[in-house]
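S.K.:
In UniProt numbering, the protein residues as written are 1 to 320.
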């Protein structure tokens, strides 16, 4: 009977303790922003001597004295916090990652107890992830794409088709309940989407499945087109080469003909230079020129006028 009584007392104390305990509230805050911490049921806090907000149970941020209505902000946190005497709330300003941790408010006086608890997690805004296509394959006409999504200190590789994605090589590092950003890869609207997120921000990156699969078949067409283009270029080069050879041959042949004609003109025999026996006379050098019609006929010579002579005696003259 005594043992049963002790057991009932123990349970009562346990229930009372659980009822008086304060729930720790979690808050995720973007780096550089502010957050306000409230004291629930502050209106019922009567007969208290003072109230303190502490960080990690070891650093006092501010102390409020109820009797004197004075507020003391400790040096390290001056300019970084704001305290409200009306409702005992606390504003934390310009939070940084080092400000993450447990914040609690406690009162002392007739009864010492905690009246507020907050677990603060300060996070940076996530960056857009990098989505890389590792390989593309076709099985029974279905296009399968393997991609890797990389974020801040985490990555995940997935195999995707037109409807679903399945993770490759274990689970992604990072979970929604942790402070590590989470990466998730899925298919929606014909796109492979990689979403990089934490509790306060998210950033997606996506690639269209149809475009990825089409680009996989493009290299084969490109190779065929490249071979065709190379063949055309080689054919054109051959045509140009043959044309150049023909033009050069024609010019060379024309040069031989002109030399032959010049030689014929140089070896024409003139009457004054012909040799008996039909031997060819080399083209003479400087000397007498070949007779022309003017040199043979000559220029007209002036005619002398003959005066008539007079004969006869002194009385009669006769023209002769």
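Glycine included, each C-beta is placed from N, C-alpha and C at the ideal position.
Cβ atoms of residue 90 and residue 84: under 9 Å apart, would you say?
M.R.: Along the chain shown, read from residue 1 onward, the residue named residue 84 stands at position 84. Along the chain shown, read from residue 1 onward, the residue named residue 90 stands at position 90. Against a cut-off of 9 Å, the Cβ pair of residue 90 and residue 84 comes out as a contact.
S.K.: What are the boundary residues of the beta strand (DSSP E) that residue 204 is part of?
M.R.: As a position in the chain shown, residue 204 is number 204, starting the count at 1. Per DSSP, residue 204 belongs to the beta strand (DSSP E) from 202-208.
S.K.: Are there 16 or more other CB atoms within 10 angstroms of the CB of residue 255, so buried, or fewer, so exposed?
M.R.: As a working note, residue 255 is residue 255 in the chain shown. The residue is exposed, with fewer than 16 neighbouring Cβ atoms inside 10 Å.
S.K.: By a C-beta neighbour count over all protein chains shown, 10 Å radius and 16 as the cutoff for buried, is residue 193 buried or exposed?
M.R.: Stepping through the chain shown from its first residue, residue 193 is reached at position 193. So residue 193 ends up on the buried side.
S.K.: Cβ atoms of residue 129 and residue 153: under 9 Å apart, would you say?
M.R.: Against the chain shown, residue 153 aligns to sequence position 153. Against the chain shown, residue 129 aligns to sequence position 129. It is not a contact, given that the beta carbons lie outside the stated cut-off.
S.K.: Label residue 142 either buried or exposed according to how many other C-beta atoms from any shown protein chain fall within 10 Å of its C-beta, with 16 as the threshold for buried.
M.R.: Taking the chain shown and counting its residues from 1, one reaches residue 142 at position 142. By the neighbour-count rule (16 or more Cβ atoms within 10 Å), residue 142 is not buried but exposed.
S.K.: Taking just the CA atoms, how far does residue 116 sit from residue 40?
M.R.: Here residue 40 is taken as the residue at index 40 of the chain shown, counted from 1. Here residue 116 is taken as the residue at index 116 of the chain shown, counted from 1. Whole-angstrom Cα-Cα distance: 7 Å.
S.K.: For residue 105, is the classification buried or exposed, using 16 other Cβ atoms within 10 angstroms of its Cβ as the cut-off for buried?
M.R.: Within the chain shown, residue 105 is the residue found at index 105, counting from 1. So residue 105 counts as buried.
S.K.: In the structure shown, what three-state DSSP assignment does residue 226 receive?
M.R.: Within the chain shown, numbered from 1, the residue matching residue 226 stands at position 226. Here residue 226 sits in helix by DSSP.
S.K.: Over what stretch of residues does the beta strand (DSSP E) that includes residue 99 continue unbroken?
M.R.: For the purposes of this step, residue 99 is taken as the residue at position 99 of the chain shown. No beta strand (DSSP E) contains residue 99, which DSSP labels as neither H nor E.
S.K.: For residue 144, which residues from the same chain have a beta carbon less than 8 Å from its beta carbon, with the 5 sequence-adjacent residues on both sides left out?
M.R.: Looking up residue 144 in the chain shown gives position 144. So the list reads 136, 137, 138, 159, 160 and 161, once near-sequence residues are dropped.
S.K.: Taking residue 25 as the reference, give the member of 118, 74, 51 and 148 with the closest Cα.
M.R.: Locating residue 25 in the chain shown gives position 25, where the first residue counts as 1. Of the listed residues, the one whose Cα sits closest to residue 25 is 118.
S.K.: Go ahead and label residue 79 buried or exposed: buried means 16 or more other beta carbons lie within 10 angstroms of its beta carbon, across all protein chains shown.
M.R.: In the chain shown, the residue the question calls residue 79 occupies position 79. Classification of residue 79: exposed, given that the 10 Å Cβ count is below 16.
S.K.: Output the residue ranges of the alpha helix (DSSP H) runs that lie fully inside the UniProt domain "Immunoglobulin V-set" (30-113) and measure 4 residues or longer, sorted by chain position.
M.R.: As far as the UniProt domain "Immunoglobulin V-set" (30-113) is concerned, it has no whole alpha helix (DSSP H) run of at least 4 residues.
S.K.: Nearest to residue 197 by alpha carbon, out of 189, 185 and 190?
M.R.: In the chain shown, counting from the first residue as 1, residue 197 sits at position 197. The shortest C-alpha separation from residue 197 is found at 185.
S.K.: Establish whether the CB of residue 65 and some CB of chain B are separated by less than 9 Å.
M.R.: You won't find chain B in this structure, because it holds only one protein chain.
S.K.: How would you label residue 235, buried or exposed, when you count the other beta carbons within 10 angstroms and need 16 or more for buried?
M.R.: In the chain shown, counting from the first residue as 1, residue 235 sits at position 235. So residue 235 ends up on the exposed side.
S.K.: Can you list, in chain order, the residues of its chain with a C-beta nearer than 8 Å to that of residue 73? Leave out the 5 residues immediately preceding and following it.
M.R.: In the chain shown, residue 73 corresponds to position 73, counting from 1. Contacts found: 61, 62, 81 and 83.
S.K.: Hey, how far is the Cα of residue 140 from the Cα of residue 212?
M.R.: Residue numbering aside, residue 140 sits at position 140 when the chain shown is read from its first letter. Residue numbering aside, residue 212 sits at position 212 when the chain shown is read from its first letter. Rounded to whole angstroms, residue 140 to residue 212 spans 17 Å at the Cα level.
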